[in-house]
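Step one of this worksheet: look at the structure below.
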Amino acid sequence: MFFPFLTLAVTEIELSELAYAETAVASQEATEALANVGDINGDGYEDVAIGAPSANAVYLLYGQSGRFDEEAIDALPAFQGEDDGDQLGSAIAGVGDVNADGYDDFVMTSIYHDTSVTNPGTVYLIYGQATHFTTQTVENRPRWSGETKNDHAGVSVAWAGDLNTDGFDDIAIGATWHNDRSGGVYLVYGQATAFTGEYDLADQPLLAGTDDYDYAGTAMVAGDVTGDGLTDLVVSATKHDDGERDVGAVYTVPGKTSQYVSTSLDAFNAIVGSTKRERIGSSLAIVGGDIYIGAPYNDSAGDNAGVVYINSTATKLSGAAAGDLFGKSLATFGDGVLIGAPSELDPQAGSVWVHTTTGDTALLGEVAGDQAGYTVATADVDGDGQAELLIGAPDYGPSSGRLYIGYWPIYTCDNSAALGGILANYPTADYKHRKYAKNKKMRIVVERRGQQAFLINCNANKIQQTLTFNTRVQRKILARVFSARNVKLFIVVTRTPSKRKIKVFLYKQTKTQLLETDQFTRKWRPRGLRIKIKRRNRVVLQKGAELKHRLRYSVSRTLTLNELD
0 MFFPFLTLAV TEIELSELAY AETAVASQEA TEALANVGDI NGDGYEDVAI
50 GAPSANAVYL LYGQSGRFDE EAIDALPAFQ GEDDGDQLGS AIAGVGDVNA
100 DGYDDFVMTS IYHDTSVTNP GTVYLIYGQA THFTTQTVEN RPRWSGETKN
150 DHAGVSVAWA GDLNTDGFDD IAIGATWHND RSGGVYLVYG QATAFTGEYD
200 LADQPLLAGT DDYDYAGTAM VAGDVTGDGL TDLVVSATKH DDGERDVGAV
250 YTVPGKTSQY VSTSLDAFNA IVGSTKRERI GSSLAIVGGD IYIGAPYNDS
300 AGDNAGVVYI NSTATKLSGA AAGDLFGKSL ATFGDGVLIG APSELDPQAG
350 SVWVHTTTGD TALLGEVAGD QAGYTVATAD VDGDGQAELL IGAPDYGPSS
400 GRLYIGYWPI YTCDNSAALG GILANYPTAD YKHRKYAKNK KMRIVVERRG
450 QQAFLINCNA NKIQQTLTFN TRVQRKILAR VFSARNVKLF IVVTRTPSKR
500 KIKVFLYKQT KTQLLETDQF TRKWRPRGLR IKIKRRNRVV LQKGAELKHR
550 LRYSVSRTLT LNELD
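Written out as structure tokens, the structure is:
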């Protein structure tokens with residue numbers, strides 16, 4: 000199934016309205032690598048690995064029953080590289096159940112790790128286990144290292160499916176700099192006996208690049224694309240030449256019932272690029288048996304605008320502008336695909352497109368230079384059967400990095416009611432909706448007549464906080480959001496049960512809740528009078544158009560209400 004063009008009707012959502020995990024540590028570039036690593040502890044929730052090679056670390060975000068909101072990446076359990084400068088986390092992949100013990104396993108790479116030679120690259124295998132991992136080094140984990148100096152084995156890694164149909168999941172390891180950068184993909188076949196110790200990739204079958212500087216093994220993805228029921232491995236060589244330089248090539252390595260021996264990739268069917276330096280295969284995904292091929296350096300819509308091809312260069316997804324790098328990353332999402340466009344232009348923050356049979360959604364980055372969409376993945380982290388969107392922005396903040404988590408459908412305060420989200424429970428006929436200045440994901444809904452107001456987290460689809468002002472359900476409540484002394488505030492005025500007093504409440508907005516700072520009560524004569532909240536810090540009581548009582552409130556340095564009749 001494929002649908003060749005992005006639709007004209009695109010829903011736009013800002014990434015600032017999504018849940019996220021971030022680190023406050025500068026220059027970590029967390030999410031430069033990102034992967035769904037499966038259910039590594041067998042609790043029913045898929046887990047996520049976050050690569051921060053500049054910090055020489057891989058962090059684990061374990062799935063959970065509730066939604067994430069705002070998480071600290073540097074507080075998560077982490078694997079750390081053996082030596083400084085190894086750049087652990089250069090690539091990560093969930094590789095299924097390599098030893099068929101019931102727990103999913105995953106791999107992570109250090110492309111600058113040294114052995115007896117410099118920078119051969121090393122790939123570490125982490126077996127899943129029932130308990131959560133604690134922070135530790137990868138020193139004693141089984142690993143495979145590159146054959147020669149500067150091979151950078153592990154620049155890419157992938158689940159290879161059960162490529163030889165023996166019941167064990169297999170691993171594909173890209174080494175783009177191997178053999179004068181012709182590159183290649185090593186195959187590590189799964190087995191019942193646990194791998195231990197150190198292994199040399201020279202002892203593994205190699206699917207070798209065809210020409211010098213092909214960079215075979217740039218990207219890999221597994222799935223049944225030949226329709227025979229066996230898992231196939233799709234491999235790219237992004238700088239393969241064919242008439243023009245760096246057009247790229249994508250090879251299909253079919254699954255079979257025996258192991259491969261070392262062979263050249265030119266033995267397999269290939270999709271070859273046609274435009275100079277478009278580098279097809281910079282990213283890959285399989286959707287319903289179709290191969291999606293990222294070509295982020297394609298210039299058809301402007302310099303490095305990018306396209307995504309489907310099965311051949313004849314069919315493509317487009318819609319990008321110059322410099323978007325559309326197709327830099329890809330991930331399967333149900334019957335559709337996530338497309339990263341991190342942008343190489345300074346004014347741009349990057350974006351991610353969600354392309355499905357029902358329409359397109361553009362998720363827009365927050366700040367120029369964030370590179371949102373540099374990495375994308377999907378995982379069902381809350382176990383509800385619907386995969387969440389995972390979007391990496393490695394240069395968010397001072398290049399610290401941020402992971403956005405999009406629960407689908409993505410509820411915002413603008414679409415929640417229409418999509419049946421939590422705001423649908425608060426119709427405007429009965430509730431006043433007030434914007435929350437400190438957090439775009441929040442709304443304040445106030446009962447027009449009643450006792451309460453609710454701080455709603457639209458994205459998390461839940462009540463964040465409940466405020467109760469009186470004991471009578473039919474009391475009219477007035478409420479307004481305003482600023483004073485550069486502080487965002489919320490004021491509420493209502494009547495007491497005796498109807499002879501008004502109560503005024505003042506709250507300070509924080510990022511996640513309303514903090515009550517002051518309240519006071521004033522006597523008044525209720526007959527025929529109405530309460531109104533006016534601008535310039537005034538509460539008035541009037542009959543018709545005639546002002547009867549005036550209560551002026553000012554906000555002091557301590558955020559107290561002062562009655563200035």
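Each step along the sequence shown adds one to the number in numbering that gives the first Met the number 0, with nothing skipped, and position 173 is 172.
Glycine included, every Cβ here is placed at the ideal spot set by N, Cα and C.
Quantities reported herein were computed from a predicted structural model and do not represent experimental measurements.
On the premise that residue j lies in contact with residue i, defined as a C-beta separation below 8 Å, what is that separation, rounded to the nearest angstrom?
i, j, result
"Ala90", "Ser155", "5 Å"
"Ser398", "Ala56", "Incorrect: roughly 15 Å between the Cβ atoms, too far for contact."
"Thr360", "Val9", "7 Å"
"Lys487", "Lys437", "5 Å"
"Asp334", "Gly405", "So it is not a contact: roughly 17 Å between Cβ atoms."
"Ile290", "Val249", "7 Å"
Please classify residue i: is it buried, with 16 or more other beta-carbons within 10 angstroms of its beta-carbon, or exposed?
i, result
"Asn118", "buried"
"Asp564", "Unreliable positioning characterises Asp564 in this predicted model, as indicated by a pLDDT of 49, which lies under 50. A coordinate reading is not provided."
"Leu7", "Since pLDDT at Leu7 reaches only 46, below the 50 mark, its modelled position is unreliable, and no value is offered."
"Arg499", "exposed"
"Pro393", "buried"
"Pro341", "buried"
"Met441", "buried"
"Glu545", "exposed"
"Ala423", "exposed"
"Thr130", "exposed"
"Asn485", "exposed"
"Ala92", "buried"
"Gly183", "buried"
"Asn268", "exposed"
"Leu14", "buried"
"Arg534", "exposed"
"Pro426", "exposed"
"Ile12", "buried"
"Met0", "Any reading at Met0 needs caution, since the residue's pLDDT is 32, under 50, leaving its predicted position unreliable; the model's value is listed next. With fewer than 16 other Cβ atoms within 10 Å, it is exposed."
"Asp245", "buried"
Between residue i and residue j, is the Cβ-Cβ spacing less than 8 Å?
i, j, result
"Ala321", "Asn303", "yes"
"Asn40", "Gln128", "yes"
"Ala386", "Thr374", "no"
"Val94", "Ile172", "no"
"Gly293", "Leu344", "no"
"Leu75", "Leu59", "yes"
"Val116", "Thr147", "yes"
"Ala236", "Gly228", "no"
"Ser257", "Glu197", "no"
"Asp231", "Gly254", "yes"
"Tyr395", "Arg401", "yes"
"Val480", "Tyr552", "no"
"Leu505", "Leu454", "no"
"Asp202", "Ser181", "no"
"Glu28", "Lys439", "no"
Could you work out which residue in the options is closest to residue i when comparing CA atoms only?
i, options, result
"Asp265", "Val233, Glu277 and Lys475", "Val233"
"Gln190", "Glu515, Lys440 and Asp100", "Asp100"
"Ile509", "Thr520, Ala452, Gln464 and Arg529", "For clarity, residue 509 is Thr in the given sequence; the question names Ile instead. The candidate whose alpha carbon is nearest that of Thr509 is Gln464."
"Ile49", "Leu205, Asp82 and Val106", "Val106"
"Ala18", "Asp42, Glu70 and Val47", "Glu70"
"Thr22", "Asn456, Ala428, Lys434 and Gly391", "Gly391"
"Thr134", "Ala77, Thr225 and Tyr250", "Ala77"
"Leu33", "Leu388, Asp334 and Phe453", "Leu388"
"Gly153", "Thr164, Val122 and Phe167", "Val122"
"Gln63", "Gly287, Val480 and Gly43", "Gly43"
"Phe325", "Gly37, Val353 and Val306", "Val306"
"Val252", "Val220, Val271 and Glu243", "Val220"
"Asn536", "Leu205, Asn561 and Phe468", "Asn561"
"Ile338", "Thr108, Tyr212, Ile309 and Asn149", "Ile309"
"Asn456", "Glu11, Ser53 and Arg66", "Arg66"
"Gly37", "Thr357, Asp96, Thr520 and Ala29", "Asp96"
"Thr195", "Ile125, Asp223, Asp213 and Asp165", "Ile125"
"Ala367", "Asp46, Gln347 and Gly242", "Gln347"
"Asp429", "Ser415, Ala452, Lys439 and Gly419", "Ala452"
"Val336", "Ile285, Gln370 and Thr516", "Ile285"
"Trp352", "Ser317, Gly384, Asp379 and Tyr111", "Ser317"
"Ala159", "Val492, Asp103 and Gly222", "Gly222"
"Arg276", "Asp383, Thr262, Asn414 and Ser299", "Ser299"
"Glu31", "Leu200, Gly372, Gly364 and Gly84", "Gly372"
Examine the ligand ADP and report whether any of its heavy atoms sits within less than 7 Å of the Cβ of residue i.
i, result
"Ala23", "The ligand ADP is not part of this structure, which contains no ligands at all."
Got a sec: is the Cβ-Cβ distance from residue i to anything in chain C below 8 Å?
i, result
"Leu402", "Absence of chain C from the displayed structure is noted, only one protein chain being present."
Touch check for the segment 442-457 and the segment 475-487: three-plus C-beta pairs under 8 Å?
yes
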